[in-house]
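> Below is the structure I would like to discuss, written out as structure tokens.
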Amino acid sequence: MERLKSNGGEHVNPAYDSNLDEPPIYEEANGDHRTVRPSVISAFGHDTLDRLPNIDFYRNAGSVSGHRAVRPSLQELHEVFQKQNGAISVPDTVEDDGEGSDGTPSDDLESAVPTDKGAVKFGWIRGVLVRCMLNIWGVMLFIRLSWIFGQAGWGLGIVVIALSCVVTTITGLSMSAICTNGVVRGGGAYYLISRSLGPEFGGSIGLIFAFANAVAVAMYVVGFAETVVELLKEHNAIMVDVINDIRIVGCITVVLLLAISVAGMEWEAKAQILLLIILLVAIVNVFVGTFIPVTTDKKSKGIFNYNSKIFLENFPPDFREGESFFSVFAIFFPAATGILAGANISGDLRDPQAAIPKGTLLAILITGVTYLGVALCVSATVVRDATGNITDIISAGVECTGPAAAACELGYNFSSCAVEKCDFGLINNNQVMTMVSGFGPLIIAGTFSATLSSALASLVSAPKVFQALCKDNIYTILHFFAKGYGKNNEPIRGYVLTFIISVAFILIGDLNMIAPIISNFFLASYALINFSCFHASYAKSPGWRPGYKYYNMWLSLLGALLCCVVMFVINWWAALLTYAIELLLYIYVTVKKPDVNWGSSTQAVTFVSAVSNALSLSGVEDHVKNFRPQILALTGSARVRPALLDLAHSLSKNYGLCLTCEVFVGPRSEALEEMNAGMEKNQLWLRKTKRKAFYTAVACEDFREGTESLLQASGLGRMKPNTLMIGFKRNWRTSSSEAVQSYVGILHDAFDFEYGTVMLRMNEGLDVSHIVEAEEEMLKAAKEQQALDGEMMSNGGKARGLFRKSRKSSQQVLTTRVSVCGPPPPQVAKMNERLLEASAQFKKKQPKGTIDVWWLFDDGGLTLLLPYILTTRKKWKDSKLRIFIAGQPGRSELDKQEMKSLLQKFRINCTDINVIDDIHVQPRSDSLKKLEDMIEPYRLHEDRDQAEAMKKEQPWKITDEELGIFEEKTNLQVRLNELLQENSKSANLIIVSMPIARKESVSDFLYMAWLDVLTKDLPPTLLIRGNHKSVLTFYS
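Residues in the sequence shown are numbered from 510 upward in steps of one, following this note's numbering.
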């Protein structure tokens, strides 16, 4: 609650020592030192400690070198120049303490770049453009594209390709915006989504995206193996049977691809270039083939040179065998995926911010144009149906009508295809591209190239994304796969896992079932990338400043919705399965709450929503039905009064505001320093211990003034505290008059500001600060011992330090620390044990018992509402309410019925109502004697001659006149304690109406005596006084 003096705390700049009169000087030791940067005569023309803006000041703490640039802190600039003139030195860099860092190079990419010697880094062409083109140009280009345009016609075929390109282009634009909004590290889609939307979305999509890439390896390899087995079949070279041959060829291929990947990114990139050349030659081969004069054999199979009649005949759709636009689109769309191939190796790019947007968007353009060009060329040269029979020739003079009119006009009769299925033509034969091309085997080579390049890209992407996910330690069980090897930090363990998954699916997987799930996994990633861009724009966070400006938040939202629609178009059950898996992973990560803070747009939107809700609340007047206790608890540091905090938390829980407050008393410079050091630490402790409360603190010369500031300024709009919660001052009898006046003054201030007031008294006390400090001291000593032992071990027993200081041995340090806070005497240890046990009392489930409510004065209902709220909590559900009221002799039953009726109207279930009709009885003499002994040291025994002089000299003392005036009220507190001892000695918690002392009438020491004698020798007792405004109502 109150800190009388500063305990030191850490400086904002750990390299600066404000106690020294001279600038700090550090000894140089062959580079093993921190560079000293003295004050400079800057561009301003005078000697200054201020530094010009520099990128090194903005780097993350966990840099590879262990050093980061430090700008002078505000305290240094503000304090130091007041003390001294002349050259002042501050360290240029400071050793990173390692907190919040896993020590990997990826922690600070800016720092890591210059030190990454020997690592292979790619530009935008080899790193992004080539990879994306190879991944997008799949088997579809050579095997299924002609079938798609045969079914849909080139009119709707163009729509299919255009719609696919719209989805991928919008995603590319969104990705470009996210990529250019700061440094991009390894992890591709996972990194982009997690840093934008937070670990919940990133962690869920990262896992399924990495898995999808691993299974995609199997899918592409099986596509390759099927083509190889088809060739073996043609040449009668089947090894076992078709299925097992596919498995054998697939496994051998995956092993070879794994070898290329593990050999390093350089080898993999060279293999990709070779595959790209083969693929480009195969595509050119198709275009060339359309210009070569066709043979009779080709004509019989429906292949001609360019002809407008064929082109027009192929314009309208001709859906067959239950196909529709959506089913055809579902088959084509997976061919348009692969736009994340470049982003997935973002950690291996020289400049990801420039490379990813440029390479990805250009790849989408080139591949989209290629698909359209090849499809339109084939649509202008190949008819839908052909028999393959060179004798099906039309005789001269025959009128050409019907679906095969174009072929008829070219002299071929394919009308029989309307009756029975033919083997050739756009719709009937998947090898149209091979037949159209100039040299057929090149198309087979192109098919091999397309499948292998996509498999290779997926084999590299899956481990890279998975490694980034594991490094962030969102799923702790997977951290084993975070380790990298070699100069490129290659995820060898990830490669092995990907290999195992892909082989498993090659051997046992039904790929026809898996393929739509993979497409949906990719689409879920696209949807979240688009949503990330929209969300970040919508949040309007000042940190959202993408370098790429050609994006629109609503276009990104449209892209996200389109992706979701396409997921259902492709396969509705796979879409539902994808959403279910993502939701389960999202819930898992949300529950686990990984200890990361990436400044996500989710945080920004939460803040905007909070401000918006607070503003909307401020426009609505408070209503008694919506009253809930909003507690300002004077706990001091969050850890030092656990019982007070636990009880406050039980009252507010997740449904009301709870502020745990601390007043730092002392010289402002020291108090501020300690306060700033403790803010984050206390809030972190509250979060870790799952206390739904806010920590706030003020630094002030006087404790009462600090509390007054908290009472007046805490909160925001309607979200401000209305109830002060404070611990009883047990040591009031040994405290100074100023301390007692300050404490009672706080209660007066609370009443003045119309706060409800709650005071907790426990016999063992509330303050455990001395135990907490001793514990921290021991932990600090143990850490220092561990660090020094580690240093001694690493130096072969020789001490080594940055400043060449003589250091005590670890044993000496521990001994020194322990001697300062050595083991207490047995009696003190027992007291501490009882104190700790009592402090944890409200943390545990309460035993079966009662909460005794002595509702003596009507204060608006707070004295009744708070215990009722307690009974609704799990920990207190076995504690029943008992209500005690004051009654007049002879009408106890009537008073009981009136109270019962009132409680029924308030809908508070309580049948145990007790009327105390002897409350007016004079207390026992021994009880009065205890009170007299208690106040004796603070009485002013008046001498008629010196009465006025004594009052002026000691105005805080209790006069005989005052005792006479308030005799009845004083006796009432003594009598109440007797009644409490009789009736409530075994209660789990006692709640009593708090007596009020009229300002400037009742002296502070007399008021403290009332509170003390009222609550003495009882179970945990709460004194409550509402602000006399109704907090209960029986109206609906």
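Don't be surprised by glycine CBs; every beta carbon is placed ideally from N, CA and C.
Assign I1235 to buried or exposed, taking buried as 16 or more other Cβ atoms, counted over all protein chains shown, within 10 Å of its Cβ.
When all chains shown are included, I1235 counts as buried.
> Could you have a look at I801 and say whether DSSP puts it in helix, strand or coil?
Coil.
> At what residues does the beta strand (DSSP E) containing C1209 begin and finish?
Note, C1209: beta strand (DSSP E), F1203 to C1209.
> If you measure between the beta carbons of A479 and F658, is that distance less than 8 angstroms?
For residue 479 there is no data in the structure shown, the boundaries of the chain being 510 and 1545.
> So, do the segment 959-971 and the segment 793-809 have three or more beta carbon pairs nearer to each other than 8 angstroms?
The segment 959-971, when compared against the segment 793-809, does not touch it at the 8 angstroms Cβ threshold.
> Using a Cβ distance threshold of 8 angstroms, determine whether the segment 1074-1091 contacts the segment 1007-1018, with at least three qualifying pairs required.
With the cut-off at 8 angstroms, the segment 1074-1091 and the segment 1007-1018 do not touch.
> Using the rule of at least 16 other Cβ atoms within 10 Å of the residue's Cβ for burial, across every protein chain shown, is L874 buried or exposed?
Per the 10 Å Cβ criterion, exposed.
> Excluding sequence positions up to five away, which residues of its chain have a Cβ less than 6 angstroms from the Cβ of A845?
The residues are S673 and T677.
> Please report the straight-line C-alpha distance between D981 and S705, rounded to a whole angstrom.
Roughly 15 angstroms separates the two Cα atoms.
> Run the CB neighbour count on K1508, radius 10 Å, all protein chains shown included, and call it buried at 16 or more, exposed below.
It is exposed - the Cβ of K1508 has fewer than 16 other Cβ atoms within 10 Å.
> Is DSSP giving K1389 helix, strand or coil here?
K1389: strand per DSSP, three-state reduction.
> For C886, which of N1029, K1414 and G798 has the nearest alpha-carbon?
It is G798.
> Tell me which residues share the same chain as F1008 and place their Cβ nearer than 6 angstroms to its Cβ, disregarding the 5 neighbours each side in the sequence.
So the qualifying residues of the chain are L767.
> So which of R1148, V1149, S1159 and T1205 has the shortest CA-CA distance to L1168?
Comparing Cα positions, the closest option is T1205.
> Consider the Cβ of I1360: report whether some Cβ of chain C lies at a distance smaller than 8 angstroms.
This model lacks chain C altogether; it includes just one protein chain.
> Express the C-alpha separation of G662 and G882 in angstroms, rounding to a whole number.
Approximately 14 angstroms between the Cα atoms of the pair.
> In angstroms with no decimal places, state the Cα-to-Cα distance between W776 and C1072.
Answer to the nearest angstrom: the Cα atoms are 34 angstroms apart.
> Can you tell me the Cα-Cα spacing of S924 and P843, whole angstroms?
The alpha-carbon atoms of S924 and P843 are separated by roughly 34 angstroms.
> Any idea what DSSP makes of K514, helix, strand or coil?
For K514, the predicted structure reports a pLDDT of 41, less than 50, and the residue's modelled location is therefore unreliable. A value from the coordinates is still provided. In this structure, K514 counts as coil in the three-state DSSP scheme.
> Assign I903 to one of three DSSP states: helix, strand, or coil.
Coil, per DSSP.
> Is it true that the segment 1277-1292 meets the segment 1530-1542, where meeting means three or more beta-carbon pairs spaced less than 8 angstroms apart?
These segments do not touch.
> Using only alpha-carbon positions, find the residue among S1502, I1255, V1105 and S963 that is nearest to I983.
Checking every option, the nearest Cα to that of I983 belongs to V1105.
> Give the C-beta separation of M1503 and V1249 to the nearest angstrom, bearing in mind that I take them to be a contact with Cβ-Cβ under 8 angstroms.
Going by Cβ atoms, the distance from M1503 to V1249 rounds to 17 angstroms, so no, they are not a contact pair.
> If we call anything under 8 angstroms between Cβ atoms a contact, is R1534 one with I1505?
Result yes, Cβ atoms of R1534 and I1505 sit closer than 8 angstroms.
> If contacts are defined as beta-carbon pairs under 8 angstroms, then M642 and T876 qualify, I think. What distance do you get, rounded to the angstrom?
Correct: roughly 6 angstroms between the Cβ atoms.
> Mapping DSSP to helix, strand and coil, what is E1130?
The answer is coil: DSSP assigns E1130 none of H, G, I, E or B.
> W1241: buried (16+ other C-beta within 10 angstroms of its C-beta) or exposed?
W1241 should be labelled buried.
> Nearest CA to the CA of Y1047: which residue from Y1060, S1110, L1006 and L1092?
It is S1110 whose Cα lies nearest to the Cα of Y1047.
> Going by beta carbon distance, what residues of the same chain come within less than 6 angstroms of V1133, once the five residues before and after it are set aside?
Correct list, in chain order: S1539 and T1542.
> Do three or more CB pairs link the segment 725-740 to the segment 996-1003 at distances below 8 angstroms?
Cβ pair count under 8 angstroms is below three, so no.
> Taking 8 angstroms as the threshold, find out whether the segment 1429-1441 comes into contact with the segment 1400-1412 through three or more Cβ pairs.
Taking 8 angstroms as the limit for Cβ pairs, the verdict is that the segment 1400-1412 does not touch the segment 1429-1441.
> Sort out for me which residues DSSP pairs G1358 with in a bridge.
S1388.
> Considering only their Cβ atoms, is the gap separating S1512 from E1471 smaller than 8 angstroms?
Yes, Cβ-Cβ distance for E1471 and S1512 is below 8 angstroms.
> Using 8 angstroms as the cut-off, can you tell me whether the segment 1347-1363 makes contact with the segment 1488-1500, which would need three or more C-beta pairs spanning the two stretches below that distance?
The segment 1347-1363 is in contact with the segment 1488-1500.
> D860 to R640, Cα distance in whole Å?
If I take the Cα positions, the gap works out to 16 angstroms.
> Throw me the rounded Cβ distance for the I819 and T890 pair, which I believe falls under 8 angstroms.
Right, their Cβ atoms sit about 7 angstroms apart.
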